[in-house]
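Student: In the numbering used here, the protein residues as written are 13 to 212.
Pasting in a structure now, in structure tokens, and then I'll have a few things to ask.
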Amino acid sequence: MKTLDLPVVERTSIGKASNKKLRREGSIPGVLYDNASVTHLAVNLKELRPAVYTKETYILNLAIEGGETVQAIIREAQFHRVTEKPLHIDFMRVSADKEVILELPVVLVGTPAGVSKGGKLVTKLRRIKVKGIPQNLPDSVEIDVSELELGGTIKVSDAGITGLQVITSQSAGVASVEIPRALRSATAAQEAGEEATEEV
13 MKTLDLPVVE RTSIGKASNK KLRREGSIPG VLYDNASVTH LAVNLKELRP
63 AVYTKETYIL NLAIEGGETV QAIIREAQFH RVTEKPLHID FMRVSADKEV
113 ILELPVVLVG TPAGVSKGGK LVTKLRRIKV KGIPQNLPDS VEIDVSELEL
163 GGTIKVSDAG ITGLQVITSQ SAGVASVEIP RALRSATAAQ EAGEEATEEV
């Protein structure tokens, strides 16, 4: 898994007024969870962008100003409904020998056979939740959909994930090739015509 350096500042003032002031100044309030302890942080929005506007999952080296550097992952990010700007970030500290639970982005590889026949590829699951040692976690889960036919669905169990504990249900659908209404109508009309020809 890739790492990203992220400078942060520990903050002593918390609350709605303080958070609004931080955002006006171009920073985002955040919290670092480390077992039972909680540290309130502020992170510059420009520095944070690469970590939140991406499909990849990073291990972040949080360089606390005037303090230590700790490794963490983003546990949760809250965004503005309209502007999609981050409003608050929850970090969770990780260690080299301790398993973590997180969601890895799904990357679909290949062009489904069903799409070549007029179908439409529909993504049903964008992230898969797994458990493992941070350093052993991949950046994403690549799933080959090239053999997916019309009306077919590929499930989590078909992803071939090894070396990790998969928490998301194995039966959950990841992607499918839907048959458009126009194609279904054309197929039905063709089948009806063939049946009529056979009767004659």
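The C-beta atom is built at its ideal place from N, Cα and C for all residues, glycine as well.
Tell me whether R193 is buried or exposed, calling it buried when 16 or more other Cβ atoms sit within 10 Å of its Cβ.
Tutor: Label assigned to R193: exposed.
Student: Going by beta carbon distance, what residues of the same chain come within less than 7 Å of G122, once the five residues before and after it are set aside?
Tutor: D156, V157, S158
Student: Confirm, please, whether the CB-CB distance from V112 to V119 is below 8 Å.
Tutor: no
Student: Using only CA atoms, which one of I166, P41, K28 lies nearest to I101?
Tutor: Of the candidates I166, P41, K28, the one whose C-alpha sits nearest the C-alpha of I101 is P41.
Student: Determine the closest residue to S39 out of V127, L149, R61, V153, with distance taken between C-alpha atoms.
Tutor: R61
Student: What is the DSSP secondary structure of L53, reduced to helix, strand or coil?
Tutor: strand
Student: Measuring only the C-alpha atoms, how far is L99 from H92?
Tutor: For L99 and H92, the distance between alpha carbons rounds to 6 Å.
Student: With a CB to CB cut of under 7 Å and the five nearest residues on each side skipped, what residues in its chain are close to V178?
Tutor: I140, V142, V168
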